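Per UniProt numbering, the sequence shown starts with residue 1, numbered consecutively.
One structure below.
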Amino acid sequence: MNSGKASSPASQAFEALEQQVSALIETCAYLKEENRLLRAQQERLQEERAALMEKNHTARSRVDAIISRLKSLEANT
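What follows is the structure in structure tokens.
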């Protein structure tokens, strides 16, 4: 960007601004990718949670059925 002349304060300010914009663009790209990864992780965790809740519900139903059978056996004796 320097054409061999001494840099004026305006061109120095412009170069500094250009560097800041470049840094912001890099930060934005990084955050965009991080956000994408976090959303994918959140989706996986929500699916895992739903599966665990279903498994818990199934186990609870089985335990309730076992308790009912035990009570029934106890009443018959």
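Even for Gly, the Cβ is constructed at its ideal location relative to N, Cα and C.
Since the structure is predicted, the reported quantities are computational estimates derived from the model, not experimental observations.
Quiz item: Since S68 is in the alpha helix (DSSP H), which residue starts that stretch and which ends it?
Solution: 9 to 76
Quiz item: Cβ of L73 versus every heavy atom of the ligand PLP: is any distance shorter than 8 angstroms?
Solution: With respect to small molecules bound, the structure shown includes none, and the ligand PLP cannot be examined in it.
Quiz item: Just how far apart, CA to CA, sit A40 and R49?
Solution: The alpha-carbon atoms of A40 and R49 are separated by roughly 14 angstroms.
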